[in-house]
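Okay, so here's the structure we're looking at.
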Amino acid sequence: MVRRIAWVVVAVVLLAGIAWALWPRPILVETGSVENRDLVLQIDNEGRSQVREVFTVSAPIAGRMARLDLHAGDSVTKGETVVAEIRPLDPGLLDSRSRQVSQARTQAAQSAVDLAEAERDRASAQLSFAQSALDRQLFLSERGTVPETATDQARFDLSTARSALASAEASLKMRQDELQATKAELIEGNDEASTPQCCMSVYTPASGLVLRVLTESEQVVQPGAPLLTLGDPSDIEIVVPTLSSDAVGIAVGADATIDGWGGPPLEARVTRIDPAARTVVSALGIEEQRVDVILALAEPVPQGYRLGHDFRVIAHITTWRGDGVLAVPAGALFRHGNDWAVFVVSGGKAQRRIVQIGHQNADYGEVLSGLKTGEAVVLYPNDQLADGSAVTISTGVEGG
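Per the numbering used here, residue 25 is the first one in the sequence shown, and the count goes up by one each step.
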């Protein structure tokens, strides 16, 4: 009898243990509160700072530019500071055939000069003869021994001789110039005669600081070759390349915060959104349409910090702001079909509830309907949690 009672007791204890082990226990959960709070939607993008007005100084002509004396950070004054000195290019080297051709042209030009000098001497002699002939005719004409027509003919011959001499002298000058031109063809870059005696000075178009020297060493430059960039570093704006799908929600005048540049956060405002997008290939090889959003700083850079040209920044642009809206933690939201849903903790159980969500950021979602202020919702619900499941709130984590 005693043995039977013992076996019964053991069986009861065993069954009780199995029942206790299989009995569903409350699920330990973390909860958050549904509260009224200020909600802000922002677009976070990497951008860069830039001087508002950047001037690129270029070479106006082709030539050999002397080494620049300016360096990045140097101060320049409009119309006074010389950026560069450009002198004419040295003549090129002649190959043997070109040299022989040029030498032959020089010899021919020298012969033409000799011929022109002979023509000038002949014209000069004719002029002297015509002058003497006229003097004789005038002497005879005074005594009436020659007709007047002979005197007129002598005057005409003298005038013709003078014109012939002038023509011969002009022809000689032309041949001499042609000789100089052919001699110039023989000048090469290593000749002393090729060293230019003039240069062109390029002045800065605006006052400010040199931002970047693009061409520093002495070299041959072509028209339009960029030499340096300059601007006023105190006049800074922020350029933020933004996805076109995000840019459509940004308004001119929207608030923004600038950080990630090495100094304290700075307040800024959207001043312009470019009307045209451009195609950019991302690091993953995906083509994206990006639009430049321009921000103006709403406060000066604090003393002790320097925000220069082309510095990296992180911009947080506000696209929507709600004051005192009913908000639920984003970690409590999950999809149930096509709707948003949460688990509301009530009476120790989790009750699934469909909610309507408006604006949403990474931390909170705007509640349009389905929840009330002060209700507790389960954060990050797992797969074990179902509608009506018993729950136990984890100590020390409840809150919003």
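Note that the Cβ used here is the ideal one computed from N, Cα and C, for glycine as well.
Residue span of the beta strand (DSSP E) that contains T130, given as start and end = Segment 120-167 is the alpha helix (DSSP H) holding T130; no beta strand (DSSP E) there.
With respect to the beta strand (DSSP E) encompassing L251, which residues constitute its N-terminal and C-terminal limits?
-> Looking at the DSSP string, the run of the beta strand (DSSP E) that includes L251 is 250-255.
Strand pairing of F358, partner residues [DSSP] | According to DSSP, which records beta bridges pairwise, F358 is partnered with A365.
Sequence-distant residues of its chain with Cβ nearer than 7 Å to G277 (five each side left out) = Hits under 7 Å: R293, V294.
Taking the C-alpha atoms as reference points, what is the distance between D316 and S241?
-> Their Cα atoms are separated by approximately 35 Å.
Would you be able to state if there are at least three C-beta pairs under 8 Å between the region 344-358 and the region 397-417?
-> Yes: the two stretches touch, three or more of their Cβ pairs being nearer than 8 Å.
Pick from D283, V244, A280, R302: whose alpha carbon is nearest that of S269?
-> Ranking D283, V244, A280, R302 by Cα distance to S269 puts R302 first.
Please say whether L251 and A132 have beta carbons closer to each other than 8 Å?
-> In this structure, A132 keeps its C-beta atom at 8 Å or more from the C-beta atom of L251.
W344 versus L65 - alpha carbon distance | Here the C-alpha atom of W344 lies approximately 5 Å from the C-alpha atom of L65.
Grab the span of the beta strand (DSSP E) containing S191 for me, first residue to last.
-> Boundaries for S191: no beta strand (DSSP E) harbours it, while the alpha helix (DSSP H) harbouring it runs 172-208, taken from the DSSP string.
Please state whether DSSP places I29 in a helix, a strand or coil.
-> Residue state, collapsed to three classes: helix.
Could you please give me the residues that DSSP links to Y329 through a beta bridge?
-> In the DSSP output, where bridge partners are listed per residue, Y329 has none listed.
The alpha helix (DSSP H) enclosing D98, as first and last residue numbers = Boundaries cannot be given for D98, as no alpha helix (DSSP H) includes it and DSSP labels it neither H nor E.
Please confirm whether S99 and H333 have their CB atoms less than 8 Å apart.
-> S99 places its beta carbon 8 Å or farther from that of H333.
Residue ranges of each alpha helix (DSSP H) within the region 267-333, 4 or longer = Fully enclosed alpha helix (DSSP H) runs of 4 or longer: 268-271.
Environment of D62 [buried if 16+ CB atoms lie within 10 Å] = Under this definition D62 is an exposed residue.
Would you please state the rounded distance, in angstroms, between the beta carbons of A136 and E202? I believe it to be under 8 Å.
-> 7 Å between Cβ atoms; contact.
Touching or not, the region 102-113 and the region 154-165, by the rule of three or more beta carbon pairs under 8 Å?
-> As far as the Cβ criterion goes, the region 102-113 does not touch the region 154-165, which means the pair count is below three.
Pick helix, strand or coil for A35, following the three-state DSSP scheme.
-> DSSP places A35 in the helix class (H, G or I) of the three-state scheme.
Keeping to the same chain, check which residues put their C-beta closer than 6 Å to that of V226; ignore five residues upstream and five downstream.
-> Answer for V226: V107, A108, listed in chain order.
Grouping DSSP H, G and I as helix and E and B as strand, with all else coil, what is P247?
-> Assignment of P247 by DSSP, reduced to helix, strand and coil, places it in the coil class.
Does the distance from the CB of G287 to the CB of Y329 come in under 8 Å?
-> Taking 8 Å as the Cβ cut-off, G287 and Y329 qualify as a contacting pair.
Under the three-state reduction of DSSP, which class applies to T342: helix, strand or coil?
-> It is a strand residue.
With C-beta atoms as the reference, is V352 less than 8 Å away from V75?
-> Cβ distance not < 8 Å, so V352 and V75 don't count as in contact.
Hey, how far is the Cα of Q375 from the Cα of H383?
-> In this structure, the CA atom of Q375 is about 24 Å from the CA atom of H383.
Are the beta-carbon atoms of V369 and V415 separated by less than 8 Å?
-> In contact: V369 and V415 (Cβ atoms closer than 8 Å).
Which residue from I318, E323, Q127 puts its Cα closest to that of P289?
-> Ranked by Cα distance from P289, the options I318, E323, Q127 are led by E323.
At least 3 beta-carbon pairs within less than 8 Å: the region 152-163 vs the region 226-237 | Here the region 152-163 makes no contact with the region 226-237; the two share fewer than three CB pairs at distances below 8 Å.
Thinking just about the alpha-carbon of each residue, which of Q313, V379, L350, D93 is nearest to the one in N362?
-> Looking only at Q313, V379, L350, D93, the smallest Cα-Cα distance to N362 is reached by V379.
CB-CB under 8 Å to R144, same chain, minus the five flanking residues each way: which ones, in chain order?
-> The residues are L189, A192, E193, S195, L196.
Pick from T228, T206, L182 that is closest to T101, judged by C-alpha positions = Out of T228, T206, L182, T228 has the C-alpha closest to the C-alpha of T101.
Separation of L182 from Q155, as counted between CA atoms = Put simply, the backbone Cα of Q155 is about 6 Å away from that of L182.
Which one of D279, M198, V263, L331 has the shortest CA to CA distance from D256?
-> Checking every option, the nearest Cα to that of D256 belongs to L331.
DSSP three-state call for R88: helix, strand or coil?
-> In the displayed model, R88 falls within a strand according to three-state DSSP.
For E390 and G348, believed in contact at Cβ under 8 Å, the rounded distance | About 11 Å separates the two Cβ atoms, so there is no contact after all.
Select from V245, Q327, I274, R336 the residue whose C-alpha is nearest the C-alpha of D283.
-> If we check each option's Cα against that of D283, R336 comes out closest.
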